[in-house]
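Q: The numbering of the sequence shown is our numbering, which starts it at 172 and goes up by one.
Got a structure here, written out as structure tokens. Questions coming.
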Amino acid sequence: MTVTMLNRPSGLQHIPAHSGLAELLASAEDEVITMSTLAGPTFGPREVKHGVRYRAIFPDHARTTPTVGRHLGALSLAGVAVRTIPHVPMNAIVIDGSVAVLPADTTNGSIAVLRLTSVVVTALELFERIWPDAVPLADSDLPDEADLSLREQEMLRLLALGATDEVAAAHLDISVRTVRRMVAQIMNRLGARSRFQAGVKAADRGWLLERAS
172 MTVTMLNRPS GLQHIPAHSG LAELLASAED EVITMSTLAG PTFGPREVKH
222 GVRYRAIFPD HARTTPTVGR HLGALSLAGV AVRTIPHVPM NAIVIDGSVA
272 VLPADTTNGS IAVLRLTSVV VTALELFERI WPDAVPLADS DLPDEADLSL
322 REQEMLRLLA LGATDEVAAA HLDISVRTVR RMVAQIMNRL GARSRFQAGV
372 KAADRGWLLE RAS
């Protein structure tokens with residue numbers, strides 16, 4: 172696995188990928204941003220430096236995948252602002268607004284390090300355009316299991332059938348406030364922006380069908 176260094180007077184330079192990326196991350200002084208489809212270069216909580224701002228965007232399904240969800244949780248606990256969107260357009264890491272790290276060859280895991288202003292600015296502008304619409308990962312979203320509890324599944328089933336918050340609360344013998352809090356937590360967990368979208372995503376996960384059966 173290699174890192175391809177571009178925009179050098181002598182052309183291309185190959186260095187070890189793991190140590191090369193780690194060295195770049197260690198040199199960060201201001202901010203590191205990343206967009207990850209889960210198939211490109213990334214960093215872990217050990218690379219997070221005190222005094223540097225970190226922001227990361229991942230796909231929504233990362234929240235409900237146990238191993239990846241725990242990774243997102245570890246990043247969040249390390250101080251990274253993590254958000255998710257339905258579809259991440261590209262894999263990229265930008266360091267201090269001057270260096271972009273992109274996949275070079277997915278077949279061998281090599282990555283390209285570019286200092287070309289046009290590439291860095293394009294990646295930054297794309298990140299800033301999708302960041303406001305991405306859903307933040309809250310502390311309550313740190314998963315230890317992928318599935319919902321039976322009460323949460325029953326509540327989603329009732330709401331999917333058209334029950335009001337009041338009817339769901341009465342059926343589950345909990346307060347309306349608790350119902351609304353649970354719905355908000357599930358929406359965050361699924362990366363949903365509305366109750367309808369939460370229902371669709373829950374159905375895609377099989378949570379509604381499992382309970383209905």
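Every residue gets a Cβ at the ideal spot worked out from N, C-alpha and C, and that includes glycine.
Quick one: what's got a C-beta closer than 6 angstroms to Gly370's C-beta in the same chain, skipping five residues either side?
A: Taken in chain order, the residues that qualify are Ala331.
Q: So who's on the other strand from Arg226, going by DSSP bridges?
A: BP columns for Arg226 point to Ile204, Ala252.
Q: If Leu196 sits next to Glu218, beta carbons under 8 angstroms apart, how far is it from one beta carbon to the other, in whole angstroms?
A: Contact holds; Cβ gap of about 5 angstroms.
Q: Select from Pro237, Arg328, Ala249, Asp344 the residue whose C-alpha is nearest the C-alpha of Ala227.
A: Among Pro237, Arg328, Ala249, Asp344, the Cα nearest to that of Ala227 belongs to Ala249.
Q: How should Phe367 be labelled, buried or exposed, when 16 other C-beta atoms within 10 angstroms of its C-beta is the threshold for buried?
A: Looking at its Cβ environment, which holds fewer than 16 other Cβ atoms inside 10 Å, Phe367 is exposed.
Q: Quick test of the definition: if touching needs 3 or more C-beta pairs under 8 angstroms, does the stretch 350-357 touch the stretch 294-304?
A: No, the stretch 350-357 does not touch the stretch 294-304.
Q: Quick one: Cα of Gly362 to Cα of Val284, how far?
A: Using only the alpha carbons, I get a separation of about 31 angstroms.
Q: I'd like to know if the stretch 284-296 and the stretch 334-353 are in contact, where contact means that at least 3 CB-CB pairs between them fall below 8 angstroms.
A: Cβ pair count under 8 angstroms is below three, so no.
Q: So what does DSSP say about Val306, is it helix, strand or coil?
A: Strand at Val306.
Q: Smallest Cα separation from Leu295: which of Val306, Ser281, Val270?
A: Measuring from the Cα of Leu295, the nearest candidate turns out to be Val270.
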